[in-house]
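Trainee:
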Amino acid sequence: MFRKSAFEARSAFTLVEVLVVVAIIGILLALVLPAVQMAREASRRTQCLSNLHQIALGAQQYYDAYDGQFFLHHPFDADVLALAGASESFAEIYWEDKIMPWIGGAPEANEELARAGIVTGSAAIYRCPGDLSEQQPYIDGSGVTDGIAQRTSYLMNSLLSHKTRRYGRWTWMRFLNEVGTSQFVCFSERDADAFTPPADGDPRQDDYDIWLGTSTIQPWIAYRRHARLANYLYLDGHAVTRDWDAAVVDMYPDKVVLTVDSSYPQ
107 MFRKSAFEAR
117 SAFTLVEVLV
127 VVAIIGILLA
137 LVLPAVQMAR
147 EASRRTQCLS
157 NLHQIALGAQ
167 QYYDAYDGQF
177 FLHHPFDADV
187 LALAGASESF
197 AEIYWEDKIM
207 PWIGGAPEAN
217 EELARAGIVT
227 GSAAIYRCPG
237 DLSEQQPYID
247 GSGVTDGIAQ
257 RTSYLMNSLL
267 SHKTRRYGRW
277 TWMRFLNEVG
287 TSQFVCFSER
297 DADAFTPPAD
307 GDPRQDDYDI
317 WLGTSTIQPW
327 IAYRRHARLA
337 NYLYLDGHAV
347 TRDWDAAVVD
357 MYPDKVVLTV
367 DSSYPQ
């Protein structure tokens, strides 16, 4: 008489065997997933650094084209509170538009496109892959489109484009001679949460005023975006990943970090 083998007699796994297999798969996933996440984060961080390098090239070529001068945002001391009202008479100026001719080509270097809420293809370098905010046309209180909300993942250090009583007016040569372009952080990563309701910041904000002090500007900066670190761009064109404490000192030309609003009353 024909007898079935032990293998043929068992046509199914026992519950214990299934649980063992599930446990093994769980352990393998626990080992693999962190490595995958780290690889993805490394890729996002690298792409972000590449974006900053491109922004640096655009800024440097702007300096070259305008004889070492960056655009002047407002023609008055921006750190004087009594003059704040005067800023209402000046249209906002966005660095993204100013350097676009050197990173995106002539067809897309049109400030009117941005004011109409239109995002161009070349503007992709203004966005870090780790920034989950959504770009969209900015609609003002009267229902008119006036720019792009969450356009960029980066904030420009306002010292490039603002005249102040505390620090004066800065040119490329002044940075080079007094600070060293390799010692000055000119762009930092932007935290969109600081400019998204219920926060009352302007979602078009693309710069930060160091004289307002770190109590104000630190929440604007995504200083923990890349595994508790962030990318920072220096004026000479090199970009680095570092922690807040190491980077913030280089945002100030005299290396004196202001922690509270140090604007002058008048």
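With this note's numbering applied, the sequence shown corresponds to residues 107 to 372, in that order.
All C-beta atoms in this analysis are idealised placements derived from N, C-alpha and C, irrespective of residue type, glycine included.
Just reading off the alpha helix (DSSP H) that SER321 is part of, what are its end residues?
Mentor: Locating residue 321 in the sequence shown gives position 215, where the first residue counts as 1. SER321 -> alpha helix (DSSP H) spans 320 to 323.
Trainee: Within its chain, find whatever has a CB closer than 7 angstroms to the CB of THR273; leave out the 5 residues flanking it on each side and keep chain order.
Mentor: If you number the sequence shown from 1, residue 273 lands on position 167. Reading off the sequence shown, one finds Tyr at residue 273, where the question assumed Thr. Counting only Cβ-Cβ distances below 7 angstroms, and skipping sequence neighbours, we find LEU265, PRO359.
Trainee: Can you give the Cα-Cα distance for ILE161 and GLU202, rounded to whole angstroms?
Mentor: The count along the sequence shown starts at 1 and reaches residue 161 at position 55. The count along the sequence shown starts at 1 and reaches residue 202 at position 96. Going by the C-alpha atoms only, they are around 9 angstroms apart.
Trainee: Give me the residue from HIS179, ASN337, ALA352 with the minimum Cα distance to VAL346.
Mentor: On the sequence shown, position 240 is the one that residue 346 refers to. Ranking HIS179, ASN337, ALA352 by Cα distance to VAL346 puts ASN337 first.
Trainee: Quick one: grab the DSSP three-state call for ILE327.
Mentor: Reading the sequence shown from its first residue, position 221 is the one you call residue 327. It is a strand residue.
Trainee: Just the Cα atoms here: how many angstroms apart are ALA298 and LEU219?
Mentor: The count along the sequence shown starts at 1 and reaches residue 298 at position 192. The count along the sequence shown starts at 1 and reaches residue 219 at position 113. Rounded to the nearest angstrom, the two C-alpha atoms are 22 angstroms apart.
Trainee: I need the DSSP call for GLN241, collapsed to helix, strand or coil.
Mentor: As a first step, residue 241 is located in the sequence shown; it is residue number 135 there, counting from the start. GLN241 falls in the coil class under three-state DSSP.
Trainee: What residue from ARG296, TYR232, ILE199 has the CA that sits closest to ASP252's CA?
Mentor: In the sequence shown, residue 252 corresponds to position 146, counting from 1. Nearest C-alpha to ASP252: ILE199.
Trainee: Using DSSP with H/G/I as helix, E/B as strand and the rest coil, what is TYR273?
Mentor: For this step, residue 273 is matched to residue 167 along the sequence shown. Coil.
Trainee: For PHE293, which beta-bridge partners are listed by DSSP?
Mentor: Within the sequence shown, numbered from 1, the residue matching residue 293 stands at position 187. MET262, LEU339.
Trainee: Can you tell which of LEU238, SER288, ASP312, ASP246 has the C-alpha that lies nearest to the C-alpha of LEU339?
Mentor: Here residue 339 corresponds to residue number 233 of the sequence shown, with the count starting at 1. Residue SER288 is the option with its Cα nearest to LEU339.
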